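Data first, discussion second: the structure below is written as structure tokens.
In this note's numbering, the protein residues as written are 29 to 343.
Quick look at the structure:
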């Protein structure tokens, strides 16, 4: 995509983190990364051995979400990796040397404070987080959508789909606390509600959407406009990854977050019959302008705190 609107470009240039998703056998895998926008491409880095890097060797499609204030840009695209240790990428690196050099300079400039944090913590930084352990990734944008709390403000590319919903809703009253599997210090820092990113597996691959989330005593919920949900082109049940975090503007060691991979059920106002009042009450408590509710049943939970991370299967 060689052209984006001024509003989309502003978000791509000014947003601080990008929630980036890749398709995996466990469903979408979505975590936040620093990035830069240069030469009509998004640029980011990831560990050579990361889940995303491995997934992109099989399927080069990706999706992501960038927030800036009240606006978000959801995108899909195709990745091209540049790895000094992988000779298969050398030809592309030579051919694109000028654009890569420009992107590298822009990436370093935009994320200078973050890299200053690396220098401050140099003795503690694991190899996978240092330049020799990482690959540079360019994302060719194929579709973009400008989103806010009301829904889709602008779309480019072939977005299509209608919000699909279960016809009845019943509030969950049994089950474990969805945050109980997290280390206490991680759970306390992310809290029990807030903004998040929901990667949804749809008919054209993953799409990452901005949501408001809440962990109730036995259930994990998210709310968003039905119009926004529609661009994911998903069925009424879909594999998802809910990503929530407490980011740090300049120190990777202070970043804390969790990703809940599992199955989501979708409920849209006007489509739900039985239980509509209860469903609407939850949505209103989360996001007054939303009209779609997502109930997530986690099957796998990944967490991170600084350089440390782990995963667990909820009991």
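Heads up, the beta-carbon is just placed ideally off N, CA and C, and yes, glycines get one too. Bear in mind the structure is a predicted one, so any value in this text is a computation, not a measurement.
**Asked** What did DSSP end up calling residue 196 once you bin it into helix, strand or coil?
**Response** The sequence position of residue 196 within the chain shown is 168, counting from 1. DSSP places residue 196 in coil when its eight states are reduced to three.
**Message:** Tell me the rounded alpha-carbon separation between residue 34 and residue 73.
**Reply:** Translated into positions along the chain shown, residue 34 becomes position 6. Translated into positions along the chain shown, residue 73 becomes position 45. Looking at the two C-alpha atoms, the distance is approximately 25 Å.
**One or two residues paired with residue 294 in a DSSP bridge** = Residue mapping note: residue 294 aligns to position 266 of the chain shown, counting from 1. 322, per the DSSP bridge assignment.
**Message:** For residue 39 and residue 100, which I take to be in contact (beta-carbon distance under 8 Å), what is that distance rounded to the nearest angstrom?
**Reply:** The sequence position of residue 39 within the chain shown is 11, counting from 1. The sequence position of residue 100 within the chain shown is 72, counting from 1. Residue 39 to residue 100, Cβ: 7 Å. Contact.
**Prompt:** What is the DSSP secondary structure of residue 246, reduced to helix, strand or coil?
**Reply:** On the chain shown, residue 246 is found 218 positions in, with the first residue counted as 1. Residue state, collapsed to three classes: coil.
**Message:** Just to confirm before moving on: does the CB-CB distance between residue 184 and residue 171 stay below 8 Å?
**Reply:** For the purposes of this step, residue 184 is taken as residue 156 along the chain shown, with counting starting at 1. For the purposes of this step, residue 171 is taken as residue 143 along the chain shown, with counting starting at 1. In this structure, residue 171 lies closer than 8 Å to residue 184 by Cβ.
**Asked** Between residue 318 and residue 268, which are expected to be in contact by the criterion C-beta below 8 Å, what is the C-beta distance as a whole number of angstroms?
**Response** Indexing the chain shown from 1 puts residue 318 at position 290. Indexing the chain shown from 1 puts residue 268 at position 240. Not a contact, Cβ separation roughly 16 Å.
**Message:** Please return the same chain residues whose Cβ sits closer than 8 Å to the Cβ of residue 196, not counting the five positions on each side in sequence.
**Reply:** In the chain shown, counting from the first residue as 1, residue 196 sits at position 168. Contacts found: 300, 301, 302 and 303.
**Item:** residue 178 versus residue 253: straight-line alpha-carbon distance, rounded
**Value:** Translated into the one-based positions of the chain shown, residue 178 becomes position 150. Translated into the one-based positions of the chain shown, residue 253 becomes position 225. Going by the C-alpha atoms only, they are around 6 Å apart.
**Message:** I'd like to know whether the C-beta of residue 78 is nearer than 8 Å to at least one C-beta of chain B.
**Reply:** No chain B is present in this structure, which holds just one protein chain.
**Request:** Could you check what DSSP says for residue 256 in three-state terms: helix, strand or coil?
**Result:** For the purposes of this step, residue 256 is taken as the residue at position 228 of the chain shown. Three-state result, residue 256: helix.
**Prompt:** Taking three-plus beta-carbon pairs below 8 Å as touching, is the stretch 48 to 63 in contact with the stretch 240 to 258?
**Reply:** no
**Request:** Could you check what DSSP says for residue 155 in three-state terms: helix, strand or coil?
**Result:** Taking the first residue of the chain shown as position 1, residue 155 is located at position 127. No answer about residue 155 holds up, because its pLDDT of 46 lies below 50 and its placement is not dependable.
**Asked** Ends of the alpha helix (DSSP H) at residue 317?
**Response** Here residue 317 corresponds to residue number 289 of the chain shown, with the count starting at 1. That residue, residue 317, is in no alpha helix (DSSP H); it is neither H nor E in DSSP.
**Prompt:** Is the stretch 290 to 299 close to the stretch 216 to 223, with three or more CB pairs under 8 Å?
**Reply:** no
**Asked** Taking just the CA atoms, how far does residue 272 sit from residue 48?
**Response** Working through the chain shown from its first residue, we reach residue 48 at position 20. Working through the chain shown from its first residue, we reach residue 272 at position 244. C-alpha separation (whole angstroms): 13 Å.
**Asked** In the structure shown, what three-state DSSP assignment does residue 309 receive?
**Response** Here residue 309 refers to the residue found at position 281 when the chain shown is read from its first residue. Reduced to three states, the DSSP call for residue 309 is helix.
**Message:** Taking a contact to mean a Cβ-Cβ separation below 8 Å, would you say residue 53 touches residue 227 in this structure?
**Reply:** Along the chain shown, one-based indexing puts residue 53 at 25. Along the chain shown, one-based indexing puts residue 227 at 199. No, Cβ-Cβ distance for residue 53 and residue 227 is not below 8 Å.
**Message:** Please return the same chain residues whose Cβ sits closer than 7 Å to the Cβ of residue 255, not counting the five positions on each side in sequence.
**Reply:** The count along the chain shown starts at 1 and reaches residue 255 at position 227. 179 and 180, listed in sequence order.
**Item:** C-alpha distance - residue 339 paired with residue 332, whole-angstrom precision
**Value:** Within the chain shown, the letter at position 311 stands for residue 339. Within the chain shown, the letter at position 304 stands for residue 332. Spanning the two alpha carbons is a distance of roughly 9 Å.
**Item:** Separation of residue 329 from residue 306, as counted between CA atoms
**Value:** Within the chain shown, the letter at position 278 stands for residue 306. Within the chain shown, the letter at position 301 stands for residue 329. Cα to Cα, residue 306 sits roughly 27 Å from residue 329.
**Asked** Taking buried to mean at least 16 other C-beta atoms within 10 Å of its own C-beta, is residue 216 buried or exposed?
**Response** Position 188 of the chain shown, counted from the start, is the residue given in the question as residue 216. Label assigned to residue 216: exposed.
**Request:** Can you tell me which of the three DSSP states residue 90 falls into?
**Result:** Residue numbering aside, residue 90 sits at position 62 when the chain shown is read from its first letter. Strand at residue 90.
**Prompt:** Going by beta carbon distance, what residues of the same chain come within less than 7 Å of residue 263, once the five residues before and after it are set aside?
**Reply:** Here residue 263 refers to the residue found at position 235 when the chain shown is read from its first residue. So the qualifying residues of the chain are 192.
**Message:** So, with DSSP's three-state summary, where would you put residue 216?
**Reply:** Position 188 of the chain shown holds residue 216. Residue state, collapsed to three classes: helix.
**Request:** Run the CB neighbour count on residue 46, radius 10 Å, all protein chains shown included, and call it buried at 16 or more, exposed below.
**Result:** On the chain shown, position 18 is the one that residue 46 refers to. Classification for residue 46: buried.
**Request:** Take the Cβ of residue 201 as the centre, count every other Cβ of all protein chains shown within 10 Å, and call the residue buried at 16 or more, exposed below.
**Result:** Walking along the chain shown from the start, residue 201 turns up at place 173. The residue is exposed, with fewer than 16 neighbouring Cβ atoms inside 10 Å.
**Request:** Kindly give me the distance between the Cβ atoms of residue 324 and residue 270, rounded to whole angstroms, as I take these residues to be in contact under 8 Å.
**Result:** Sequence index remark: in the chain shown, residue 324 carries index 296 (1-based). Sequence index remark: in the chain shown, residue 270 carries index 242 (1-based). Rounded, the Cβ-Cβ distance is 6 Å, consistent with contact.
**Asked** Is residue 31 buried or exposed, if buried means 16 or more other CB atoms sit within 10 Å of its CB?
**Response** In the chain shown, counting from the first residue as 1, residue 31 sits at position 3. Residue 31 comes out exposed.
**Prompt:** Which stretch, first to last residue, makes up the beta strand (DSSP E) that contains residue 171?
**Reply:** Walking along the chain shown from the start, residue 171 turns up at place 143. That run of the beta strand (DSSP E) goes 162 to 176.
**Prompt:** Buried or exposed: which applies to residue 311, given that a residue is buried once 16 or more other Cβ atoms fall within 10 Å of its Cβ?
**Reply:** For the purposes of this step, residue 311 is taken as residue 283 along the chain shown, with counting starting at 1. Classification for residue 311: buried.
**Request:** Would you mind working out which of 42, 289, 104 and 285 sits nearest residue 214, comparing C-alpha positions?
**Result:** Walking along the chain shown from the start, residue 214 turns up at place 186. The shortest Cα separation from residue 214 among 42, 289, 104 and 285 belongs to 285.
**Message:** Less than 7 Å between C-beta atoms, sequence neighbours within five positions excluded: which residues of the same chain meet that for residue 187?
**Reply:** Taking the chain shown and counting its residues from 1, the one referred to as residue 187 is at position 159. Excluding positions up to five away in sequence, the list reads 171, 173 and 259.
**Message:** So, with DSSP's three-state summary, where would you put residue 273?
**Reply:** For the purposes of this step, residue 273 is taken as the residue at position 245 of the chain shown. Residue state, collapsed to three classes: strand.
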